[in-house]
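First up is the structure itself, then whatever we jot down about it.
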Amino acid sequence: MAKIIDGKAVSASVKEEVAAEAAVLKEEKGINIGLAVVIVGNDPASRVYVNNKKKACEAVGFRSFEYALDESTTQEQLLDLIDVLNRDDHVNGILVQLPLPAHIDEKTVINAISPEKDVDAFHPVNVGKIMIGEYAFLPCTPAGVMKLIESTGTEISGKQCVVIGRSNIVGKPMAMLLLHKSGTVTICHSKTKNLKEICLGADILVAAVGRANLITGDMIKEGAVVIDVGMNRLENGKLCGDVEFESASQKASYITPVPGGVGPMTIAMLMRNTLTAAKNQMK
Ligand code: NAD
Numbered sequence: 004m005a006k007i008i009d010g011k012a013v014s015a016s017v018k019e020e021v022a023a024e025a026a027v028l029k030e031e032k033g034i035n036i037g038l039a040v041v042i043v044g045n046d047p048a049s050r051v052y053v054n055n056k057k058k059a060c061e062a063v064g065f066r067s068f069e070y071a072l073d074e075s076t077t078q079e080q081l082l083d084l085i086d087v088l089n090r091d092d093h094v095n096g097i098l099v100q101l102p103l104p105a106h107i108d109e110k111t112v113i114n115a116i117s118p119e120k121d122v123d124a125f126h127p128v129n130v131g132k133i134m135i136g137e138y139a140f141l142p143c144t145p146a147g148v149m150k151l152i153e154s155t156g157t158e159i160s161g162k163q164c165v166v167i168g169r170s171n172i173v174g175k176p177m178a179m180l181l182l183h184k185s186g187t188v189t190i191c192h193s194k195t196k197n198l199k200e201i202c203l204g205a206d207i208l209v210a211a212v213g214r215a216n217l218i219t220g221d222m223i224k225e226g227a228v229v230i231d232v233g234m235n236r237l238e239n240g241k242l243c244g245d246v247e248f249e250s251a252s253q254k255a256s257y258i259t260p261v262p263g264g265v266g267p268m269t270i271a272m273l274m275r276n277t278l279t280a281a282k283n284q285m286k
C-alpha cells in the first residue's frame with residue numbers, strides 16, 4: 004500500500020521558508036515584496052485561484068496587488084496595465100491569471116510581462132532558460148512536483164520517468180526538470196499508442212492530462228512514485244485526479260492525493276518565485 008505524499012505539509016514548509024526569508028529582507032533591507040495578480044472577467048475557477056494566491060501572499064508577508072478587470076477589457080488596456088506594473092518598483096512579480104477572454108491573445112500578453120517579473124515562468128525567455136538549465140524561475144506546478152518527489156527521498160538520477168501530457172505549462176517543463184536531474188524521460192500525449200506499456204516501465208510517473216481516472220492500477224509498476232497533477236471535476240461536484248487513486252495506491256510506493264497533493268504546491272512555488280524575483284531585482 005502506497006504512502007501518501009502530503010502536499011499540504013510540504014507546501015506549508017516551503018511557505019514557512021519563504022516567510023522567514025521575506026521577514027529578513029523586510030527587517031534588514033526594508034523591502035516589502037509585492038505580487039500583482041491580474042484577472043480579466045468572472046471565471047469562477049479563476050476567481051478561486053486568485054483568492055488563494057492573495058491569501059498565500061498574506062501568509063508569507065507579501066503585499067498583493069489585485070487588478071480585477073472587466074470581461075470587456077481590451078488587449079491594449081491590459082498591455083497598458085502590464086507596462087505600468089513592469090515599471091513599478093513596488094511590484095516584484097506579475098501574474099496574469101489564465102485563461103483570458105477569447106478576444107485577448109494570451110501569447111502577446113505573456114510576452115509583454117518583464118521576464119524578471121514573470122513569476123509563472125511562462126515568458127519565452129524564461130522557457131528558454133529552463134531548456135538550458137540556467138533558470139531564475141521554474142514554472143510553479145512542475146517545480147512543486149519536483150519538491151514532492153524530493154520529499155519522498157527518491158533519487159531521480161537513472162530512473163525511468165514518464166510524464167503524461169505535453170502542455171507548455173506542465174508536461175514539457177516537467178519533463179525537462181526530470182531530465183536535468185538525470186532521469187530517463189518519456190513524454191506521452193494524446194497520440195501515444197501504447198500508454199499502458201510505457202506507464203508500466205515508469206519508476207516515476209507524472210500524470211498531467213485532465214482526464215478523470217485515466218491511469219489505473221494495472222498501468223503502474225510495483226513500487227513506482229506516482230504524482231497526479233490532474234484536477235478534474237466529476238458530475239457529483241467532487242474533485243479528482245488523472246489517476247484512479249484506490250487501484251494505483253495498491254501498486255505505488257508513494258502517491259499524491261487529489262486534492263491535497265500537487266495543488267497546494269503550485270501556490271507555494273509561486274511565493275518562492277516571487278521571493279526570488281525580489282532578490283534578483285535587488286542585484
Ligand atoms: P492541457 O489540456 O494543456 O494538456 C493536456 C495534455 O494531455 C496534452 O498534452 C494532451 O496531449 C494530453 N492528453 C490528452 N488526452 C490524453 C490521453 N488519452 N492519453 C495521454 N495523453 C493525453 O492541460 P494542462 O494545462 O497541462 O493541465 C493538465 C491537468 O493538470 C489538468 O487537469 C489541469 O487542471 C491540471 N493542472 C493542475 C495544476 C495544479 O496546480 N494542481 C496546475 C496546472 C494544471
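Everything in the sequence shown is counted per my numbering, starting at 4 for the first residue and increasing by one.
Ideal Cβ positions, reconstructed from N, Cα and C, are used throughout, including at glycine.
Please read these numbers as outputs of a predicted model, since none were measured by experiment.
Within the chosen limit of 7 Å, the ligand NAD reaches the beta carbon of leucine 217 through at least one heavy atom. By the neighbour-count criterion, in which 16 or more other beta carbons inside 10 Å mark a residue as buried, arginine 275 falls on the buried side.
A contact between stretches requires three or more CB pairs, one per stretch, nearer than 8 Å, and the stretch 224-237 fails this requirement with the stretch 179-196. Beta-bridge partners assigned by DSSP to cysteine 202: none are found. In the three-state scheme derived from DSSP, where H, G and I count as helix and E and B as strand, glutamate 19 is classed as helix. When distances are taken from the beta-carbon of serine 170 to the heavy atoms of the ligand NAD, the shortest one is below 7 Å. Take the alpha-carbon of glutamate 153 and the one of alanine 71: they are about 36 Å apart.
In the structure shown, the three-state DSSP call for arginine 50 is helix.
For the 8 Å CB-CB criterion, proline 267 and lysine 29 do not form a contact. Cβ neighbours of threonine 76 within its own chain (closer than 7 Å, five residues either side excluded): Val43. Remark: C-beta atoms of isoleucine 159 and serine 185 approach each other more closely than 8 Å. With a beta-carbon spacing of about 5 Å, valine 228 and tyrosine 257 fall inside the 8 Å limit used to define contacts. At least one heavy atom of the ligand NAD lies less than 7 Å from the C-beta of threonine 269. Inclusion of glycine 174 and glycine 168 in the CB contact set at 8 Å is warranted, their separation being smaller than that value. For valine 87, same chain residues with a beta-carbon under 6 Å away, outside a window of 5 residues either side, do not exist. Counting only residues of its own chain and dropping the five nearest sequence neighbours on each side, asparagine 45 has a CB closer than 7 Å to the CB of Glu74. Listed in chain order, the alpha helix (DSSP H) elements of length 4 or more contained wholly in the stretch 90-153 are 109-115 and 127-135.
Close CB contacts of methionine 272 within its chain, under the 6 Å cut and outside five residues either way in sequence, are with Cys143, Ala146 and Gly147 (chain order). Unbroken beta strand (DSSP E) runs of no fewer than 3 residues, entirely contained in the stretch 200-241, are found at 207-210 and 228-231, following chain order.
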